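Trainee:
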RNA sequence: GCCAGAGUAGCUCAGUGGUAGAGCAGAGGACUCAUAAGCCUUUGGUCGGCGGUUCAAAUCCGCCCUCUGGCACCA
């Protein structure tokens with residue numbers, strides 16, 4: 002059976018993990034977990050892009066081998082995945098043999114077919130920056146002094162015949178509305194394709210760049226950037242082997258808007274087309290986190306790295322925040338103030354406190370055993386109706402990649418449980434001698450517990466650790482599927498609840 | 001300049017033709033199981049501006065203004 006295959010972009014080894022990396026992995030993970038819960042087999046890939054000039058330069062500056070630098074990045078980025086509870090099935094590094102093998106076979110194939118040719122490239126070269134400069138690098142018509150001496154040189158390189166596929170690509174994009182999400186990005190791609198595109202330079206002379214995969218047909222060159230990095234998506238899932246068709250074509254390439262045009266929307270589809278490989282079903286393009294509050298934080302000398310928040314507030318809180326605040330495709334603001342607001346009001350006050358009071362009341366009034374549902378009156382009917390509405394709407398939002406709205410719905414339901422608790426007021430019922438009040442009390446406790454179970458189960462793609470933990474507190478086991486788990490049920494009846502716990506402690510410092 | 005996105009309550013944002021919404025922040029209140037949490041009530045907006053279509057527009061069309069991002073061998 003074909004798996005649901007989803008990827009993040011691979012991160013460049015020459016840099017430390019930051020909020021953007023973390024967000025992309027979380028977004029992709031939410032989708033992967035959502036699919037798994039729906040019962041689909043999933044293959045989730047992430048990894049590292051390790052070759053290239055900057056890695057070579059940084060390694061040289063530090064007096065170490067490039068691979069040593071990459072090994073460090075490998076530790077850092079895998080560590081990030083772990084801290085974020087990312088459920089990736091594989092992690093590829095472009096220095097791995099399985100990857101190089103595929104890169105070489107594609108290059109050789111295209112070369113043999115005449116789709117790669119050698120030509121001269123003339124341009125302005127900065128020795129200091131070790132790169133060709135573009136017209137746009139000029140400031141006031143001159144090369145900035147930072148580039149040092151700039152000279153016009155001619156260099157032989159290999160080119161891939163990109164331009165001959167331009168018309169075909171335009172047709173493909175126009176015919177497949179689902180190819181680029183969100184839809185408005187499609188226009189950006191078509192806009193780009195209105196102008197003639199050039200063939201793509203895919204090599205660098207080895208004397209200038211040694212840290213790369215040598216061209217199989219010319220040892221004096223290494224391949225550069227795209228024919229290396231993009232190929233990870235197929236090399237990781239066994240291109241050329243039988244198992245390849247279990248994953249390919251990929252369902253989603255999750256990428257940032259900065260690498261949509263031209264790499265993922267132009268180079269990659271054409272590379273695949275030229276090689277006779279099926280195209281990705283969809284590119285999921287997310288926006289960026291803006292740091293409008295950054296200046297303020299710096300001026301007060303109170304700089305907090307977003308990733309530090311994980312240590313302080315936990316993985317689930319971090320995942321919740323970035324998923325709740327980001328409308329996928331748009332940009333969002335990140336600030337500590339906003340984070341604390343979400344943490345305090347949504348997680349600590351609404352959800353954490355709900356769990357706390359539920360467990361506490363069960364302990365006080367029912368010996369921590371979930372009682373049976375004894376009555377069904379207006380308050381119960383209302384809450385169940387709200388659940389039904391919440392589930393339907395949230396699932397629709399999940400399917401439509403509207404995770405911020407799904408969470409909005411789920412937390413409206415959580416507030417609904419709090420409202421229900423006030424309506425029933427078990428602490429008052431507990432003082433009554435009336436058997437009917439006792440029945441209402443027991444019903445209220447069971448209802449609150451079931452409501453909590455449903456809410457955290459529905460939020461599982463976003464907060465997987467919380468779901469596991471809360472379900473354990475409620476006495477019901479882990480689940481790896483939503484099958485039968487999202488219906489209002491009596492599954493908790495008779496279960497023993499844990500003693501009260503604080504899931505999201507309020508921040509101690511002011 | 002071209003293209004795209006955004007412009008709705010103090011803040012963050014929902015809302016694609018039918019009497020303006022939520023959360024947070026602010027104000028008041030009743031309660032007490034709970035992380036001084038939760039619940040109820042409430043203050044607050046000419047939905048960027050001007051025209052147009054329509055019985056009816058935040059929502060469709062046109063023009064304009066402001067902010068953000070992109071505009072090729074750079075990851």
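In this note's numbering, the protein residues as written are 2 to 511. Where is the CB? At the ideal position from N, CA and C, for every residue including glycine. Since the model is a prediction, treat every value here as computed from it, not as a measurement.
1) To the nearest angstrom, how far is it from the Cα of residue 299 to the Cα of residue 307?
2) Under 7 Å Cβ to Cβ from residue 427, same chain only, skipping five residues before and after it: list those, please.
3) Quick check on this structure: which residue in 292, 276 and 259 has the alpha carbon closest to the alpha carbon of residue 284?
4) For residue 197, which of helix, strand or coil comes out of DSSP?
5) Would you say residue 211 and residue 224 are within 8 Å of each other, going by their C-beta atoms?
6) Using beta-carbon positions only, say whether residue 230 and residue 505 come within less than 8 Å of one another.
7) Out of 157, 190 and 183, point me to the one whose CA is closest to residue 173's CA.
8) Pull up the CB-CB distance for residue 419 and residue 355, whole angstroms please, since I reckon it's below 8 Å.
9) If you draw a straight line from the C-alpha of residue 19 to the C-alpha of residue 81, how long is it?
10) Under the DSSP definition of a beta bridge, which residues are partnered with residue 351?
11) Does the segment 383-401 come close enough to the segment 340-351 to have 3 or more Cβ pairs within less than 8 Å?
12) Touching or not, the segment 145-154 and the segment 176-190, by the rule of three or more beta carbon pairs under 8 Å?
13) Answer yes or no: do residue 27 and residue 7 have a C-beta to C-beta separation smaller than 8 Å?
14) Does DSSP put residue 243 in a helix, a strand or coil?
15) Tell me the residue span of the beta strand (DSSP E) that contains residue 157.
16) How about residue 485: is its Cβ closer than 7 Å to a heavy atom in the ligand MG?
17) Can you tell me which residues form a DSSP beta bridge with residue 380?
18) Using CA coordinates, which residue listed in 449, 463 and 106 is at the minimum distance from residue 493?
19) Between residue 121 and the rest of its own chain, which residues show a CB-CB distance below 6 Å, the 5 nearest in sequence each way excluded?
20) Which residues share a DSSP beta bridge with residue 216?
21) Under a Cβ-count criterion, where at least 16 other Cβ atoms within 10 Å of its own Cβ denotes burial, should residue 495 be classed as buried or exposed?
22) Does the beta-carbon of residue 65 have 16 or more other beta-carbons within 10 angstroms, so that it is buried, or is it exposed?
23) Quick one: using the 10 Å Cβ neighbour count with 16 as the cut-off for buried, is residue 199 buried or exposed?
24) Count Cβ pairs between the segment 263-273 and the segment 162-178 that sit closer than 8 Å; are there 3 or more?
25) Assign residue 4 to one of two classes, buried (16 or more other C-beta atoms within 10 Å of its C-beta) or exposed (fewer than that).
26) Going by beta carbon distance, what residues of the same chain come within less than 7 Å of residue 415, once the five residues before and after it are set aside?
27) State the DSSP-derived secondary structure class of residue 21, mapped to helix, strand or coil.
28) Assign residue 17 to buried or exposed, taking buried as 16 or more other Cβ atoms, counted over all protein chains shown, within 10 Å of its Cβ.
29) Starting from residue 430, trace the alpha helix (DSSP H) both ways and give me its first and last residue.
30) How many Å lie between residue 265 and residue 192 at the Cα?
31) With 16 as the cutoff for other CB atoms within 10 Å, does residue 291 come out buried or exposed?
32) Do you know offhand how far residue 134's Cα is from residue 107's?
33) Would you list the one or two residues that DSSP bridges to residue 44?
34) Would you kindly work out how many angstroms separate the C-alpha atoms of residue 222 and residue 176, rounded to a whole number?
Mentor: Taking the geometry as given:
1) Here residue 299 refers to the residue found at position 298 when the first chain is read from its first residue. Here residue 307 refers to the residue found at position 306 when the first chain is read from its first residue. With a pLDDT of 40 at residue 299, under the threshold of 50, the modelled position of this residue cannot be trusted; read the value that follows with caution. Using only the alpha carbons, I get a separation of about 14 Å.
2) As a working mapping, residue 427 is identified with position 426 in the first chain. For residue 427, same chain residues with a beta-carbon under 7 Å away, outside a window of 5 residues either side, are 362, 366, 442, 445 and 446 in chain order.
3) The residue you call residue 284 lines up with position 283 of the first chain. Comparing alpha-carbon positions, the option among 292, 276 and 259 lying closest to residue 284 turns out to be 259.
4) Here residue 197 refers to the residue found at position 196 when the first chain is read from its first residue. In the structure shown, residue 197 sits in coil (DSSP, three-state: anything other than H, G, I, E or B).
5) Counted from its first residue, the first chain places residue 211 at position 210. Counted from its first residue, the first chain places residue 224 at position 223. No; because the gap between Cβ atoms is not below 8 Å, this pair is not in contact.
6) Indexing the first chain from 1 puts residue 230 at position 229. Indexing the first chain from 1 puts residue 505 at position 504. Not closer than 8 Å, so no.
7) Locating residue 173 in the first chain gives position 172, counting from the first residue. Checked all of 157, 190 and 183; the closest Cα to residue 173 is 190.
8) Against the first chain, residue 419 aligns to sequence position 418. Against the first chain, residue 355 aligns to sequence position 354. Cβ-Cβ separation between residue 419 and residue 355: approximately 6 Å, consistent with a contact (criterion under 8 Å).
9) Numbered from 1 along the first chain, position 18 holds the residue referred to as residue 19. Numbered from 1 along the first chain, position 80 holds the residue referred to as residue 81. Distance between the alpha carbons of residue 19 and residue 81 is about 9 Å.
10) The sequence position of residue 351 within the first chain is 350, counting from 1. DSSP, once it has assigned bridges, lists no residue as partnering residue 351.
11) They do not touch, by the three-pair rule.
12) With the cut-off at 8 Å, the segment 145-154 and the segment 176-190 do not touch.
13) Numbered from its first residue, the first chain carries residue 27 at position 26. Numbered from its first residue, the first chain carries residue 7 at position 6. It is not a contact, given that the beta carbons lie outside the stated cut-off.
14) Position 242 of the first chain, counting from 1, holds the residue named residue 243. The answer is coil: DSSP assigns residue 243 none of H, G, I, E or B.
15) By 1-based counting over the first chain, the position of residue 157 is 156. Residues 151-161.
16) Ligands displayed in this structure: none; no statement on the ligand MG is therefore possible.
17) Locating residue 380 in the first chain gives position 379, counting from the first residue. None; residue 380 has no bridge partner.
18) Sequence index remark: in the first chain, residue 493 carries index 492 (1-based). For residue 493, the nearest C-alpha among the options comes from 449.
19) Along the first chain, one-based indexing puts residue 121 at 120. Exclusion of the five residues before and after residue 121 leaves 155 and 157 as the residues of its chain whose Cβ lies within less than 6 Å of its Cβ.
20) Start at 1 with the first residue of the first chain, and residue 216 comes out as number 215. Bridge partners of residue 216: 219.
21) Position 494 of the first chain, counted from the first residue, corresponds to residue 495. By the beta-carbon neighbour count (other beta carbons within 10 angstroms, threshold 16), residue 495 is exposed.
22) As a first step, residue 65 must be located in the first chain, where it is residue number 64. Flag for residue 65 reads exposed.
23) What you label residue 199 is simply residue 198 of the first chain in a count that begins at 1. Label assigned to residue 199: exposed.
24) Segment contact: the segment 263-273 against the segment 162-178, three or more CB-CB distances shorter than 8 Å; contact assigned.
25) Residue 4 sits at position 3 when you count from the first residue of the first chain. Its Cβ being crowded by 16 or more others within 10 Å, residue 4 is buried.
26) Working through the first chain from its first residue, we reach residue 415 at position 414. Apart from the 5 residues on each side of it in sequence, residue 415 sits with its Cβ closer than 7 Å to the Cβ of 351, 352, 355 and 456 in its chain, given in chain order.
27) The count along the first chain starts at 1 and reaches residue 21 at position 20. In this structure, residue 21 counts as helix in the three-state DSSP scheme.
28) Reading the first chain from its first residue, position 16 is the one you call residue 17. Exposed: under 16 other Cβ atoms inside 10 Å.
29) As a first step, residue 430 must be located in the first chain, where it is residue number 429. Taken as a continuous stretch (DSSP letters only), the alpha helix (DSSP H) holding residue 430 covers 427-430.
30) In the first chain, the residue the question calls residue 265 occupies position 264. In the first chain, the residue the question calls residue 192 occupies position 191. The alpha-carbon atoms of residue 265 and residue 192 are separated by roughly 15 Å.
31) Within the first chain, numbered from 1, the residue matching residue 291 stands at position 290. Within 10 angstroms of the beta-carbon of residue 291 lie fewer than 16 other beta-carbons, which makes it exposed.
32) Residue numbering aside, residue 134 sits at position 133 when the first chain is read from its first letter. Residue numbering aside, residue 107 sits at position 106 when the first chain is read from its first letter. If I take the Cα positions, the gap works out to 29 Å.
33) Taking the first chain and counting its residues from 1, one reaches residue 44 at position 43. Here residue 44 is bridged, per DSSP, to 6.
34) In the first chain, counting from the first residue as 1, residue 222 sits at position 221. In the first chain, counting from the first residue as 1, residue 176 sits at position 175. A direct Cα-to-Cα measurement between residue 222 and residue 176 gives close to 38 Å.
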